[in-house]
Each structure stands twice: as structure tokens, then as C-alpha cells.
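In numbering that gives the first Met the number 0, the protein residues as written are 0 to 377.
Heads up, the beta-carbon is just placed ideally off N, CA and C, and yes, glycines get one too.
This report refers to the structure that appears directly beneath it.
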Amino acid sequence: MESRIWLSSPHMGGTEQKYINQAFEENWIAPLGPNVSGFEQDLEQYLGNDSHVACVSSGTGAIHIALDMAGVSTDDTVLCQSFTFCGSANPIIYRGATPIFIDSEMDTWNMSPAYLRKAIQQELEKGKKPKAVIAVHLYGMPAKIDEIAQICKEHNIVLIEDAAEALGSEYKGRKCGTFGDFSILSFNGNKIITTSGGGALVCRSKKEKEQAIFLATQARDAAPHYQHTRVGYNYRMSNIVAGIGRGQMEVLDAHVKLRRENHDFYHNFFNNIEGVTVFEEPSSEYFSNHWLSCITFHNDNEMLNCEKLRNFLLEFNIESRPLWKPMHLQPVYASAVYYGNGEAERLFKYGLCLPSGSNLTVEEKERINKALQVFFKR
Ligand SMILES: *Cc1c(COP(=O)(O)O)cnc(C)c1O
């Protein structure tokens, strides 16, 4: 059997070990240290727009802290994109609040501004103003984030921007991760850069960043003994993990370029295939890092569909994966309120993610090309 081609696997640049060795030499084996501040500075510089970054142990943890800082607690409701990974939504439950799910729109596959408006209106009519909105840039594709931000502003609702999959993506020339009142990033093993596991909360002021770090380190008051006037979290990033992040920042732009080249490869292949579309930027205002390259089949076909293709590729030891299953279809969220018209459901039914790692080799792409040719009888 030929070796496995993964959907998206860790891709080290080479200098990560240097930062880790430094941490060992200086005995900074702790959830703080020069690599943590160094990684935060690198991210602040990369994102620009007066970003203030607090590194934490996961993207999910970053959303948890963002919701806390937004004042979300028991009895509150939070509007969340349905078409996403569970890490976007679960922290709403951690806060004891109630998620309300919003459908996607066709251009970007992300939160529909129209359904967001409708949801806010109807929830206001029910007598309850949602406390926050969680919008996602899925697969690296920027959401219609300025429209979403405008709606949030009109209603004075906190916007949390989930850019876990979109580091390096831009909307109207501005980096994703800089549009929300709070934005979050993830450095999990399969993301565009990885620290093995990790995340970041991007704040809009230094004061908020300090508050985020305070919360992420058990909310310890200024006293020689351990004193707490509120409950915090143990979410700070470790200095070892941050060392990997510093090395990865040196190759981030190269990784974006390679992921976009993967997308071009699929674009060229599927150009000649009827009934399949590669997920593309809707206009030049959008710049996707193309974290994962995705396709959708146009209609039901017993021979040519996602599940057939996924299983066919597996025979060649090539991994692919269905698109995210919408949150409002998840058993755990079966009772949640949902606003939409089935766009996310359609994407889940007809879509597939193809191997997209920045470390895909020419030989691996040739294997994928051959397998696809056989499947589509080219
Ligand atoms: C990966 C991911 C997260 C969560 O990040 P973790 O670091 O894995 O906790 C949240 N939202 C989206 C859209 C993601 O892809």
C-alpha cells in the first residue's frame, strides 16, 4: 500500500526546534515566558490594525474567554454560525448560555447577513436581545464580515470573529482576525500553522488583552498570597508550545502560498468536470488562505457523489472528508433554535474537502490527479 495522503497534516518549517531549545536552556518550561510574548508580538505585527493578542491553550478556550469578556452568562442567548466546527459553539454552553444557529449564504458559505438580521429582529420581538454573535471564516474563506459587523453595531451586540481557519486570509485588503470586537485563532495540528495545540484571543485594546491574560491564568488578584475575587481559567499557552508558534510564523506566508497552489491544482482539474464546482472566492474583495480545498457536487447522482468519491480515494489511501456537519443538525444541539433555509444542510450533503496540506508533494498530487481521473473517467 502506498503511504497515506492526509487531508491536512502538520508542516514544520525547521526553526521551531531552535525556540524550544532556548526555552529548555533558560528553563522557561511554564505557561509564560519569552516565546509566549515573542509569539504574541509576531501575531500582532502580522495582523496589524492595532491588534492585541493573548495566546491561550486552544481556539475553543479563546472563544470561551471572549464570551466571558462579552458578559455572556446564564440566561443569555448567542447567535452562532451553524455551518462550523463544534469548537465555535460549545463555549456558549460552557457559559451556561443558549446558542441560536444562523444559516450560511452561497457566496462565502459563511453566516448569512440576511438571516442574522432576521434572527435579531425575531429574538427582539420575543423580548430578548442576543448578547453576542459568533461569525466564522470557514475553510479560510472570509465571511461578509463588514456587513455582519455593521448589523452587530446597529444593535450594539458584541461580535466574536472565529478566524481559526483563516489566518492569512483577507477581506477588502484587511487581515481576517481583525474585524471582531474579539477575534480568535487556532493553532491545532491541522490548521494553517500549528503549535501542536493552541489558540489566541485577538483584542482591540491593551487593557482587554491584560484582562484576557488575567482570566486565562486563574484570575489571580494582586496579592502575595493566592486571592481570587472571581472565577478564572487555566488557559494560558505554554512557553514550549509558543516556541513552535514562533518558528511557524516564519513560514506562514509560504504556507498560504502553497495552500493556494493546491487550490489552483483542483481548480484546473475540475474546470473540465461537469457537475462539480471548486469552492472559490466570490470576487477580488476576498483573499482566502484556502486552508482546505473543497468541492460540491451539483445534484444527486448514484454513481458520482461525495461518499462514492471519498470511499474511492480511500482505496488509494487518500484521505478526504465531508464538509462540517451544521450545528443545528447535531444531536447535541437538536433543541436549539435555527434561522435559515437549508443552505448549510445542502453544503453538508453535497460537499467534500480534498487533501490540502502545505506539505503535499508533487508525487502526492500526481497520485491524487490519477485517482480523480479514474473516478471521473477522464
Ligand atoms: C479549529 C477550530 C476551532 C477551535 O480551535 P481549537 O484550537 O481546536 O480549540 C474553532 N472554530 C473553528 C472554525 C475551527 O476550525
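- Approximately 18 Å separates the beta-carbon atoms of Leu-137 and Pro-354; this is outside 8 Å, ruling out the contact.
- In the DSSP assignment, Lys-174 is bridged to Glu-169.
- Relative to the Cα of Gly-95, the nearest Cα in the group Val-71, Phe-84, Ser-103 and Asp-106 belongs to Val-71.
- Inter-residue distance for Lys-208 and Met-236 is about 14 Å (C-alpha atoms, whole angstroms).
- The alpha-carbon separation between Gln-16 and Gly-86 amounts to approximately 29 Å.
- Between Phe-178 and Ala-148, the gap from beta carbon to beta carbon is short of 9 Å.
- For the beta strand (DSSP E) assignment, the uninterrupted runs of no fewer than 3 residues enclosed by the region 155-227 are, from N- to C-terminal side, 157-161, 181-185 and 198-202.
- With the criterion CB distance below 6 Å from any heavy atom of ligand 1, the matching residues run Ser-57, Gly-58, Thr-59, Thr-83, Phe-84, Gly-86, Ser-87, Val-135, Asp-161, Ala-163, Glu-164, Ser-185, Asn-187 and Gly-198 along the chain.
- Boundaries cannot be given for Val-71, as no beta strand (DSSP E) includes it and DSSP labels it neither H nor E.
- Around the beta carbon of His-254, a 10 Å sphere encloses 16 or more other beta carbons of the protein chains shown; the residue is thus reported as buried.
- DSSP, read as helix, strand or coil, puts Gln-80 in strand.
- The alpha-carbon of Leu-371 is positioned some 8 Å away from that of Leu-312.
- Cys-85 is not bridged by DSSP to any residue.
- Beyond the five residues adjoining it in sequence on each side, Cys-352 comes within less than 8 Å, by CB distance, of Leu-6, Tyr-138, Leu-291, Ser-292, Cys-293, Ser-319, Arg-320, Pro-321 and Leu-322 in the same chain, given in chain order.
- The Cβ neighbour count for Tyr-170, taken over all protein chains shown within 10 Å, is at least 16; the residue is labelled buried.
- Cβ-Cβ separation between Ala-211 and Ala-53: approximately 4 Å, consistent with a contact (criterion under 8 Å).
- One Cα belongs to Lys-117, the other to Thr-276, and the distance between them is close to 29 Å.
- For Phe-268, the enclosing alpha helix (DSSP H) stretches over residues 251-269.
- Where Ala-22 is concerned, there is no enclosing beta strand (DSSP E), although the alpha helix (DSSP H) around it starts and stops at 15-24.
- Taken atom to atom, the span from the alpha-carbon of Asn-48 to that of Lys-174 is near 9 Å.
- Per DSSP, the beta bridge partners of Met-110 are Ser-103.
- Remark: C-beta atoms of Ser-111 and Gly-341 do not approach each other more closely than 9 Å.
- The Cβ atoms of Gly-231 and Ser-56 lie no closer than 9 Å to each other.
- In the three-state scheme derived from DSSP, where H, G and I count as helix and E and B as strand, Gly-350 is classed as strand.
- The beta carbon of Arg-245 is closer than 7 Å to those of Tyr-18, Asn-34, Gly-37, Phe-38 and Asp-41 in its chain, skipping five residues each way along the sequence.
- When DSSP states are grouped into helix, strand and coil, Thr-360 belongs to the coil group.
- Straight-line spacing of the CA atoms in Gly-167 and His-224 works out to 42 Å.
- Here Thr-295 is near Phe-278, since their CB atoms are less than 9 Å apart.
- Between Ala-29 and Ile-183 a beta carbon distance of about 23 Å is seen, past the 8 Å cut, so the two are scored as non-contacting.
- When C-alpha distances from Phe-375 are compared across Leu-251, Met-302, Phe-213 and Gln-121, the shortest belongs to Met-302.
- Note: Ser-292 is bridge-paired with Leu-353 in the DSSP secondary-structure output.
- Leaving aside the five residues that flank Ser-185 on each side, the residues in its chain whose CB is nearer than 6 Å to its CB run, in chain order, Gly-58, Ala-163 and Gly-198.
- Ranked by Cα distance from Asp-145, the options Asp-180, Ala-88 and Gly-13 are led by Asp-180.
- The residue among Thr-76, His-289 and Asn-189 with its C-alpha nearest the C-alpha of Thr-107 is His-289.
- Of the residues assessed, Gln-247 falls on the buried side of the cut-off, its CB having 16 or more other CB atoms within 10 angstroms.
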